[in-house]
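If you read the protein sequences in the order shown, they are chains A and B.
Read in order, the letters of the first sequence are residues 3 to 331 in the working numbering.
Read in order, the letters of the second sequence are residues 3 to 331 in the working numbering.
Even for Gly, the Cβ is constructed at its ideal location relative to N, Cα and C.
2 protein chains.
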Amino acid sequence: MNTAYNNPIKIGIVGYGNLGKGVELAIRQNKDMELVAIFTRRDPKEIDTTAKAVHIDKITDYRNIVDVMIICGGSSTDLPQQVPYIAQWFNTVDSFDTHAKIPEFFSTVNKVAKEHHTLSLISTGWDPGLFSMLRVLGESILPQGETYTFWGKGLSQGHSDAIRRIEGVKAGVQYTIPIETALERVRQGENPVLTTAEKHERVCYVVAQEGSDKSVIENSIKTMPNYFADYNTTVHFISEEELKANHSAMPHGGKVFRSGLTGEQTKQNIEFGLTLESNPEFTASVLVAFSRAVYKQAKQGHTGAVTVFDIPLGALSPKSAEELRANLL
Amino acid sequence: MNTAYNNPIKIGIVGYGNLGKGVELAIRQNKDMELVAIFTRRDPKEIDTTAKAVHIDKITDYRNIVDVMIICGGSSTDLPQQVPYIAQWFNTVDSFDTHAKIPEFFSTVNKVAKEHHTLSLISTGWDPGLFSMLRVLGESILPQGETYTFWGKGLSQGHSDAIRRIEGVKAGVQYTIPIETALERVRQGENPVLTTAEKHERVCYVVAQEGSDKSVIENSIKTMPNYFADYNTTVHFISEEELKANHSAMPHGGKVFRSGLTGEQTKQNIEFGLTLESNPEFTASVLVAFSRAVYKQAKQGHTGAVTVFDIPLGALSPKSAEELRANLL
C-alpha cells in the first residue's frame, strides 16, 4: 500500500499461469492498486507467491473486498465458464481471444453483469485489445483506405503445439515473422491485397527424437494444412540445450497499419507497433490498466459487458483529468 | 446525402483556410455526414467552394440545423474567441494547439458549454490529439518507462515563418527531421535522456533575394535562438522555381514511443507513427471523426468541454457497437 493512495483499487487475480503471474508483477508497478488475493483451482499452498492464495471456491467471501477480478484463464474452456460465473459478484476484466465467439461471449457476460449490476470488460490485451483500438481509430479517421495487421516477430503457442504433435518431434517452437517486403509495400501506401501467408513467414526450431528421420519431420511440418502449408516455412533442427538456452522466452509483437487517401489522392499512413520481450507480461500490463478503467466506470454506474471500444482513454490513467489535460494533451 | 443514412450528421465548418478545405473534403468520405454550410468572415461570394457559404454573422440562423460546428481557425487569436462564442448555440470541435494555454481554454469553453447544454471537444488533431492519446495509453500500460515524441519529417510553419523574416530572404521552408540514431536508441529500449535538439535536425530551403549575401543569411538562420541555434541545421539555397516545384506540399508526421519495463527487467516497446502527405488534410480527417463522436456523446446527454481522453473509441466510428465487436475486436 502506497501512502500517496489512501484507498487503492483492490484487485483479485483468478488463475495463476503465465498471465496471472504477469498481472501480479504489473500490479506492483501501479501505486494506486493493491493485490488482495490470487484465486486458484489448485491447492492454494502449492501456489508459489508471496501474495495471499485462496481456493476459488472461497471467491464469494471476497465480494465486498475486491473491486475488480482479473480473470487469467484460457479462452477455450476457462473464460467462457469463469467470467459469467464471477460476474455475478464482481467487476471483471478478461483476455478472451477466440475472435469468432466474441459476440456470443459478450452477450452471455452482458446478461449476467446487467442483472447483477456489475461491469465486465471482455477481450482485452493487445490483440484483441490495443490492435482492435487502432483498427477502429484508423478506419474512423481514414474511411477510404485499408487496414493491415501483421503479427510477430513472435512465438506462436498454437503453431508450436502443432509441431510438437508430429511423430519424432521431442520439442520445438515456432516464430511468426512479418515479411519485410510486404511491410514496406504497406508503408509506401501501395494498399496491396495480401493474404496472411503473403504477410508472414514461419520459422521453426525443432528438437528431433533420437533415431527419427529429420527429412520426414521437416516435410510433415511444411505440408501441414492451415498451419504451415500456405506459408514460406523454414525448419531448423537444434539440440535440446540450444532450445532451452535460446528459445525459452515468449517474445511477440506486431503492427497495425491504416493506409488511406484524403482529399485528392493524398496518401496518409498510420502505423502502430509493439515489440515485446514477454507476451504474457505485456498482456498482463494491459489488463491491469483496463482494470483501473473498469473500477472508475463501475463507480460512475456503468454495468454490463463492455469492450476496449467503450472506454475513454483517460480512464486508463491514474492521473486526474486536469493533470492529463495540462501535461499529456 | 447517402441513401444508406436517412438522417446524416449535419456539419458546419467555421473558417475556410487549409484546414477548413480539408474538412470539406473529409466530410465527402463519410457517408453518415452532410456539410450544411461553410461560415466565413469574408464575403461568402469570394469563397471558392461548391458548398453553401454563409457569413459568420448569420451563424445563429443555423442553430437548429447544424449538429456540430468544426471550427477551423488559428490557435493564437481565432479559436480563443470563436469557440466560446459558438459553443453558446452549437456542439463544437476544434484543434486548439497552444499546449500551455489548454487548461485555461478548456475552463473557458467548459463554462459556456455547461451553461448552454452544448458539448465542445477541444484540442484535437494529431498533436494535440492522436499523439496525446498514445502518450496516455503508453504510460497507463507501462507505468515504469519513458515516453518519447518525435516530429517530422515535416514542414514546420513556425520555423518557415522565422526564416522568411530574415533580411535578404525572399522565400523559404523548414523541415523538422527526426534523427535516425536517436529513434534507434529509443527502439532498442535504451531509454536515453534526449533534448528536443538531440531528437531532431532542421533542414532549410531558402530563396535569397538578388544581391543578398548568402553566408550572412545562413549564419542568421543557424544562430537564431530557440528556433535553430541548438539544432543541427542545414541551409540549402535554391531557386524560386525549385521551391515551388518541390516544396509546396505540407507533409508532416512523427512518432510517439513508450518504452518500458515489466516484471523483472523485461523490455516492452510501443510505437505509433504517422506519415502524412498533407498535414492539414489529415488533421481535418481527425476533426471529422471526432465530430461524429461529439454528435453521439451529445445525444447521450454529455455537455461541457471534453478532450480526446474523454471519448470512447467506438464513438468515432459510423459502425454499431455490435458490428465493431464482431469485425474489429
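Would you list the one or two residues that DSSP bridges to residue i?
i: residue 234(B); result: 203(B)
i: residue 180(B); result: 202(B)
i: residue 96(B); result: 73(B)
i: residue 12(A); result: 36(A)
i: residue 128(B); result: 131(B)
i: residue 42(A); result: 57(A)
i: residue 191(A); result: Paired residue(s): none; residue 191(A) is not in a bridge.
i: residue 138(A); result: DSSP lists no partner for residue 138(A).
i: residue 174(B); result: 208(B)
i: residue 156(A); result: 178(A)
Within a Cβ cutoff of 7 Å, which residues of the same chain sit near residue i, ignoring the five residues on either side of it in sequence?
i: residue 134(A); result: 310
i: residue 324(A); result: none
i: residue 230(B); result: 204, 223 and 224
i: residue 114(A); result: 86, 89 and 90
i: residue 278(A); result: 253, 254, 255 and 284
i: residue 282(B); result: 20, 21, 24 and 252
i: residue 3(B); result: Residue placement at residue 3(B) cannot be trusted, given a pLDDT of 38 that sits under 50; the coordinates are not used to answer.
i: residue 5(A); result: Residue placement at residue 5(A) is poorly supported in this model, since its pLDDT is 44, which falls under 50; the coordinates still yield a value, given next. Hits under 7 Å: none found.
i: residue 318(A); result: 291, 292, 294 and 295
i: residue 62(A); result: 91
i: residue 321(B); result: none
i: residue 220(B); result: 237
If you follow the beta strand (DSSP E) that residue i is in, where does it begin and where does it stop?
i: residue 118(A); result: Not the beta strand (DSSP E): residue 118(A) falls in the alpha helix (DSSP H), residues 104-118.
i: residue 150(A); result: 147-153
i: residue 85(B); result: Taken as a continuous stretch (DSSP letters only), residue 85(B) belongs to no beta strand (DSSP E), being part of the alpha helix (DSSP H) at 80-88.
i: residue 123(A); result: 121-123
Considering just the uninterrupted stretch of the alpha helix (DSSP H) at residue i, what are its terminal residues?
i: residue 161(B); result: 159-166
i: residue 56(B); result: Residue 56(B) -> not in any alpha helix (DSSP H); beta strand (DSSP E) instead, spanning 55-57.
i: residue 24(A); result: 20-30
i: residue 217(B); result: 216-224
i: residue 73(B); result: It is not in any alpha helix (DSSP H) - residue 73(B) instead sits in the beta strand (DSSP E) that spans 70-73.
i: residue 326(B); result: 323-329
Excluding sequence positions up to five away, which residues of its chain have a Cβ less than 8 Å from the Cβ of residue i?
i: residue 233(B); result: 199, 202, 203 and 204
i: residue 162(A); result: 174, 175 and 176
i: residue 132(A); result: 274, 276, 288 and 310
i: residue 245(B); result: 173, 174, 175, 207 and 209
i: residue 144(A); result: 260, 261, 262, 263, 264, 270 and 272
i: residue 154(A); result: 177, 178, 179, 180, 202, 254, 255 and 256
Once you ignore the five residues that flank residue i on each side, which residues in its own chain have a CB closer than 6 Å to its CB?
i: residue 242(B); result: 209
i: residue 211(B); result: 170 and 172
i: residue 122(B); result: 89, 94, 111, 115 and 307
i: residue 150(A); result: 188 and 259
i: residue 297(A); result: 11, 69 and 70
i: residue 193(A); result: 148 and 261
i: residue 17(A); result: 74 and 75
i: residue 140(B); result: 149, 260 and 272
**Study point:** Those runs of the beta strand (DSSP E) which lie wholly inside the stretch 242-317 of chain B and span at least 3 residues
**Key:** Unbroken beta strand (DSSP E) stretches of 3 residues or longer found wholly inside the stretch 242-317 of chain B: 254-264, 268-278 and 306-308, given in chain order.
Exercise for review: Report yes or no: do three or more beta-carbon pairs, one from the stretch 251-266 of chain B and one from the stretch 131-147 of chain B, lie closer than 8 Å?
Suggested key: Yes, they touch.
Practice item. Take every Cβ of the stretch 19-26 of chain A, pair it with every Cβ of the stretch 284-296 of chain A, and state whether three or more of those distances are shorter than 8 Å. Key: Contact between the stretch 19-26 of chain A and the stretch 284-296 of chain A is present, because at least three Cβ pairs lie under 8 Å.
Check your understanding: Is the stretch 298-305 of chain B close to the stretch 24-44 of chain B, with three or more CB pairs under 8 Å?
Key -> Counting Cβ pairs under 8 Å, fewer than three are found: no touch.
Exercise for review: Say whether the stretch 46-54 of chain A touches the stretch 311-320 of chain A, bearing in mind that this needs 3 or more beta-carbon pairs closer than 8 Å, one atom from each stretch.
Suggested key: With a cut-off of 8 Å, the stretch 311-320 of chain A and the stretch 46-54 of chain A do not count as touching, because too few Cβ pairs lie within range.
Review point. For the stretch 170-189 of chain B against the stretch 247-257 of chain B, are there 3 or more C-beta pairs whose distance is under 8 Å?
Key: The count of Cβ pairs closer than 8 Å, one atom from the stretch 170-189 of chain B and one from the stretch 247-257 of chain B, reaches three, so the stretches are in contact.
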